[in-house]
Every structure is written in structure tokens, then in C-alpha cells.
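Position 60 of the sequence shown, counting from 1, maps to 60 under the numbering used here, and the rest follow consecutively.
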Amino acid sequence: MNLPSYDDQPYEDVLVEDFETAFFALELELLDLPCVQDVAVMRTRLPEVGETLVVAFVPLPEEEQETGGRQAALAACERRLPWVLSHAVAVDVIPRAADGSPRTGLLIDRLLPQIARDLLSPMEMSD
């Protein structure tokens with residue numbers, strides 16, 4: 001019988017590698033959603049909640065795309081990173097730096113009030 005050796009790689013390294021792989025797979029899946037124009041995925045730590053994924057997405061302008069986009073984004077988070085609490089919030093635009101990367105600090109600051117409302121009233125959420 002050929003059992004894996006646990007001495008080869010520390011447990012923390014395996015988790016980080018798996019997280020990064022799942023995180024990038026999540027980003028790709030979210031970008032492929034038909035009801036979403038743009039997306040930014042951020043990993044943050046919230047007080048009293050811990051590690052959290054925040055998905056900011058720009059829904060298509062058609063009717064009901066915001067609700068559908070939010071549900072699809074949360075379902076993708078649950079599939080790819082089920083061990084991390086996730087929030088998906090629709091935004092009008094994702095602020096970007098000159099190099100095209102999302103301005104995550106600014107975006108998190110803008111989304112915190114909605115996330116706080118979602119945490120206080122999970123049945124209503126933002127849809």
C-alpha cells in the first residue's frame with residue numbers, strides 16, 4: 001500500500017495552495033456568468049466574523065439581473081470555497097487603478113454598510 005507522506009509538505013502550505021487555486025478558479029467562474037458585466041473578488045477579515053470573501057459585481061442592466069447575479073455569485077463561492085463566508089454585492093462600477101486592478105480598499109469601504117446590513121438581517125440580504 002502506498003500512503004502519502006505527511007512530511008513532504010506542511011499543512012499550512014497545502015491550505016494556501018488550495019485556497020489560491022480555488023480563488024482564481026472562482027474569479028474565472030464569476031467572469032463567465034452571463035448576468036455579470038464585471039467582478040472583483042476580495043479576501044478580507046471582518047471583526048467578529050473572521051475571514052470573508054467579498055464579491056462586488058456589476059450586473060447587466062436588464063431586469064432581475066442583480067438578484068440573479070447575486071445568487072449565482074454566492075453559489076459559485078459556495079462551490080469553490082465552501083469553508084469561507086461569502087458576501088456578494090451589486091455595484092454600479094468597480095473602481096480601478098491605472099493598471100486596471102480593482103481598488104480593493106476603496107471598494108471594501110463602500111461595501112461595508114451593505115455587508116453589515118446583510119449580517120444583521122440575513123433573510124432580507126441585498127436582493
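Glycine is no exception: its CB is placed at the ideal position from the N, C-alpha and C atoms.
Out of the options, which has the shortest C-alpha to C-alpha gap to residue i?
i, options, result
"I94", "G105, T21, V84, S86", "G105"
"P61", "P34, G100, A22", "P34"
"F23", "C77, L120, R110", "C77"
"Q37", "F57, R45, E48", "F57"
Just confirm the distance between the C-beta atoms of residue i and residue j, as a whole number of angstroms; I'd bet it's less than 8 Å.
i, j, result
"A90", "R70", "6 Å"
"L26", "R80", "4 Å"
"L107", "V49", "The pair is not a contact, with the Cβ atoms about 18 Å apart (cut-off 8 Å)."
Between which two residues does the alpha helix (DSSP H) containing residue i stretch?
i, result
"E66", "65 to 80"
"L120", "104 to 120"
What's the C-alpha gap between residue i and residue j?
i, j, result
"P102", "D92", "14 Å"
"L28", "E20", "12 Å"
"P128", "H87", "Coverage of the chain is limited to positions 1 through 127, which leaves residue 128 absent and any answer about it impossible."
"P82", "A72", "14 Å"
"R45", "L74", "18 Å"
"G100", "L120", "33 Å"
"L111", "P47", "15 Å"
Counting along the chain, where does the beta strand (DSSP E) carrying residue i start and finish?
i, result
"E51", "50 to 59"
Exercise. Taking contact to mean at least 3 C-beta pairs separated by less than 8 Å, is the region 50 to 60 in contact with the region 21 to 41?
Worked result: The way I'd put it, the region 50 to 60 does touch the region 21 to 41; three or more beta-carbon pairs between them come closer than 8 Å.
For this session: Would you be able to state if there are at least three C-beta pairs under 8 Å between the region 107 to 116 and the region 66 to 73?
Result: No: the two stretches stay apart, fewer than three of their Cβ pairs being nearer than 8 Å.
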